[in-house]
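Under the working numbering, think of the first position of the first sequence as 10, with each following residue one higher. Beta carbons are placed, not taken as given, at the ideal position from N, Cα and C, and that holds for glycine. First up is the structure itself, then whatever we jot down about it.
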Amino acid sequence: MVREVPDKVSTDGLEQKFDERWSAEGTFTFDRTATREQVYSIDTPPPTVSGSLHVGHVFSYTHTDVVARFQRMRGKEVFYPMGWDDNGLPTERRVQNYFGVRCDPSLPYVEGFEPPHAGTEGKAVKPADQVPISRRNFIELCERLTADDERQFEELWRRLGLSVDWSQTYQTIDATSRAASQRAFLRNLERGEAYQAEAPGLWDVTFQTAVAQAELEAREYPGHYHRVAFHRPDGTPVHIETTRPELLPAVVALIAHPDDERYQDLFGTTVTSPLFGVEIPVLAHPAASVDKGAGIAMCCTFGDLTDVQWWRELQLPTRSVIGRDGRLHRETPEWIAAGPGAGLYAEGLAGRTTFSARKAVVEALVESGDLDGDPKPTQRMTNFYEKGDKPLEIVTSRQWYIRNGGREWSTDGTTRDLKSELLARGKELDFHPDFMRVRYENWVGGLNGDWLVSRQRFFGVAVPVWYPVLASGEIDHDHPITPTAAELPVDPTSQAPAGYDESQRGEPGGFVGDADVMDTWATSSLTPLIVAGWERDADLFERVYPMDLRPQGQDIIRTWLFSTVVRSHLECGVLPWKNAAISGWILDPDRKKMSKSKGNVVTPMDLLVEHGSDAVRYWAAAARLGTDAAFEVGQMKIGRRLAIKVLNASKFALTFGVDPESGTGEITLDPAAVTVELDRAMLAGLADVVDQATAALEAYDHTRALEITESYFWAFCDDYLELVKDRAYGAGASASDLTAETVSARTALAIALDVMLRLLAPFIPFATEEVWSWWRTGSVHRAPWPTAQPLRSAAADADPLALAAAGNALAALRKVKSAAKVSMRTPILSGTVAVPAALLPGVESAIGDIRGAGRVEGTLELVEATEGQGNPDVQGGIVVTASELGEPPAKKPRG
RNA sequence: GGGCCUGUAGCUCAGUUGGUCAGAGCGCCACGUUUACACCGUGGAUGUCGGGGGUUCGAGUCCCUCCGGGCCCA
């Protein structure tokens, strides 16, 4: 075995060197001839390409890569593609800001359009200054920008050392993804799992789109309780409290809890609303809370989700007043037009924002005397779109839904309990850590509606349907026209359905395309199907699906993980993957979540350049799954030190016996050559490490594997290497005249190094690969994962304790010198060492090496430690009871 | 209001089914330039294991309760 060990080692430049080599040699290229049993497939989260990656990404993606590299070395053919989630609102927003444009679908396409800006350096262009452009122009800009981002992302991942197969990348907006997404939707539609409904739903007035339950975020929002009087037929007031008096024109009932004593006589009667004089019933419903406000609430269509529940369950009429733009309808509603409030509505409310309408209603209430007391300020939890900053409204609109167990599902009299089916899938999935399962269960259990998938946006996968336009000019939503699978992907807004031509768009007897796109998650939920070649590459699909691992963050269990389970369950009747590995958050040193707004975000690339990728990976790998971790530079420095130590220790271990002339030499890995007890003890200990590290990685506990391996490696450097140094040098013996003891040490060093490099390879892939390249062929990342058995047989019946004992004895000798404040090279002329009985055999067996490493020149007497002698926590209880130090060696000038 | 996670040395964290479990690394202090490594080595000090109860022969470990941090759902 030829060695070429450099004189000077360094971690610098390894990232680029090996990224290039791995690419050139196809080290991580997936071999698609492997069978399902031989494959380990990973469904990695496609990062959103709308901003920048942050340290949290580096953190969690490293966890995945550790698994990938481990499985690959275990002999699995790892299927590890990478996608980019470019689809959706984040990209739209970024394009608006970056290019200073805004999408207006009514505008025509402009050939060769050049945007007013190309990068505004983070400064958002005011909406008024944004240039309106056609949808097609807008999408072109989306694609231009994401292509740029994707290059940067890939560069970062390569530098971090993700062992992704870079020939397997995809975008959630590319043609394959669009086709898959549309195909899945059409399948859902065919089976009755997708449907459209005209229903009240959450609506973001800023982004002008419907929003799904999974995208909600409840936030504290300030408001005022207004105590407002309704009136019984005899004029007696009934007071309710509301934070949204502007919805008074939309009131459809007053509702109190059925057990509420105060309102028993009111149930079943009617009252009239103030200002508008609309007669409404007083009803009982258990969702009314007795101790909130007056205990009786006004139900409007629609102020919040409870209103929707009441409206549905009590079958109340719809009197909606708020439009998609968040303003009150411009036309006076019919139930008000004939009443006393018609004038108020027309003059004070029509076309107003909720804010100014509220002011107008409150003023009118004051005037009419129906406002009791002053409004009381309050903070209440209000629903927001997670990306928005105005409270959501509830607007009735026609939208597409996919069933997800959130609502009863019955067709032709038979009901299907999808919620229970999905809960059962959750139990089937192996979560790491296991407690993350409850997040899934809580979410599924708490769903209160099906999944709203249509979005009134632009940069997304189109809802693949058209609708006939009847002779009357009305659109027939009940009979959507669908494309065939072969036509996918389609854009119904620019393509005509089969049997029609473009001239018939919008014409009576013709068609219209559905203008909506699908929710980003409607596509993201298909990533395992997309990458596995579903309905596109049956051969591949069979080899990789269902997949083995879904790694992701805990924040998207309710969205990405859940929706993916839904789609796979509906489509294939299986879980999409066997395991879900959930990474924690990165917290800043104040234990706050790192976020851009706090300005505490570190650019990942800078981090990798400054500390080195192995170092950053070490920090990430040292944090357990599911546990939040501190952003700690100190931890990276430790990782860097480990990487450098690996280089240096390896260089040292491999240099013994090297011919100084040629710089090369022979090295053997033959276990039979390991004959010395201490060497065997070291291998015996290593065998245990291999077992433990392997078991830990199999259980998705990479932290434990790293810890066990790392600490053994340090002990190997500090004790074993020191102990065998002299023996391994072979004290002047020529290459042909080596003693068995010297060969034993050299061989044991080589075997241990070979094993430890492989154990560390998933964690610090660059340093280990560098060392591997000095003396082995191929990549360490394709080398087989070590097993304990060969080490055990090489170790024969040696006790791992012997190495610990010898190490402790050496430390005891060093302590004498340290206490005497002399150099470690100072000879010990004679000494007596007290050793606990249990360690005595180990110390005795290595006494020659101990003497050498401790520079003991005269007699070294070993005695059994007596009761109370020595502290077991210090050097295992081994103490030097008497010693005589020689002259410290002359100091040599450093150089 | 319900649920989950978390609180161990100045810092970051291990402590598997209750019995050497008071640990590691960093930092700190002292010393040392040893033919791998100063991006180093050697040695040392450091804790009422959040508080209080309880179960037990025995409790960071199990139970109850309170307090502090984080998150999710109402």
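Status (buried if at least 16 other CB within 10 Å, exposed otherwise) for residue i
i	result
Q217	exposed
G885	buried
S298	exposed
D243	exposed
N197	buried
V447	exposed
M390	exposed
A479	Checking the sequence, you will find Leu at residue 479 rather than Ala. So L479 counts as exposed.
N657	exposed
N457	exposed
G904	With a pLDDT of only 40 at G904, under 50, the local geometry of the prediction cannot be trusted, and the value read off the model is given with reservation. Label assigned to G904: exposed.
G867	exposed
N880	exposed
W723	exposed
R434	buried
E101	buried
S854	buried
R755	buried
P585	buried
DSSP-derived helix/strand/coil call for residue i
i	result
T776	Checking the displayed sequence, the identity of residue 776 turns out to be Ala instead of Thr. Helix at A776.
L871	strand
I676	coil
G422	coil
T841	strand
M82	helix
E551	helix
G92	strand
F216	coil
Y509	coil
I859	helix
S282	coil
E29	helix
V87	strand
L427	helix
S463	strand
M307	strand
S606	Below a pLDDT of 50, predicted positions are generally treated as unreliable, and S606, at 47, falls in that range; the measurement from the model is reported next regardless. S606: helix per DSSP, three-state reduction.
F276	coil
Bridge-paired residues (DSSP) for residue i
i	result
E229	M390
D403	A small fix is needed here, since residue 403 is Ile in this sequence, not Asp. Its beta-bridge partners are L211.
A531	None; A531 has no bridge partner.
H235	T251
R559	A589
V6	Outside the shown range of the chain, which is 10 to 904, sits residue 6, and nothing can be said about it.
S409	Checking the displayed sequence, the identity of residue 409 turns out to be Trp instead of Ser. BP columns for W409 point to Q205.
R111	P141
L292	I264
A757	None, per the DSSP bridge assignment.
P246	H240
Q180	W93
Y49	V87
F440	A589
Integer-rounded CB distance, given that residue j should sit under 8 Å from residue i
i	j	result
I825	L800	The question names Ile, yet the displayed sequence has Val at residue 825. Actually they do not touch by this definition, with Cβ atoms about 34 Å apart.
E551	R45	7 Å
V110	I142	5 Å
L621	R650	First, the residue type needs correcting, since residue 621 is Gly and not Leu in the sequence shown. In fact, because the Cβ distance is near 11 Å, the residues do not count as touching under 8 Å.
task: Report yes or no: do three or more beta-carbon pairs, one from the segment 866-885 and one from the segment 710-730, lie closer than 8 Å?
output: No, the segment 866-885 does not touch the segment 710-730.
message: Does the structure place the segment 699-706 close enough to the segment 804-816 that three or more beta carbon pairs sit under 8 Å?
response: no
task: Spell out a yes or no on whether the segment 50-67 and the segment 529-544 are touching, meaning 3 or more CB-CB pairs, one atom from each, closer than 8 Å.
output: yes
- prompt: With contact counted as at least three CB pairs below 8 Å, one residue from each stretch, are the segment 550-566 and the segment 510-518 in contact?
  reply: no
message: Would you call the segment 858-866 in contact with the segment 720-739, where contact means no fewer than 3 C-beta pairs closer than 8 Å?
response: Yes, the segment 858-866 is in contact with the segment 720-739.
- prompt: Is the number of C-beta pairs between the segment 169-187 and the segment 779-787 that are closer than 8 Å three or more?
  reply: no
task: Report yes or no: do the segment 226-234 and the segment 336-348 share at least 3 C-beta pairs separated by less than 8 Å?
output: These segments do not touch.
field: Stretch-stretch touch, CB-based, cutoff 8 Å, three pairs: the segment 187-194 with the segment 490-508
entry: yes
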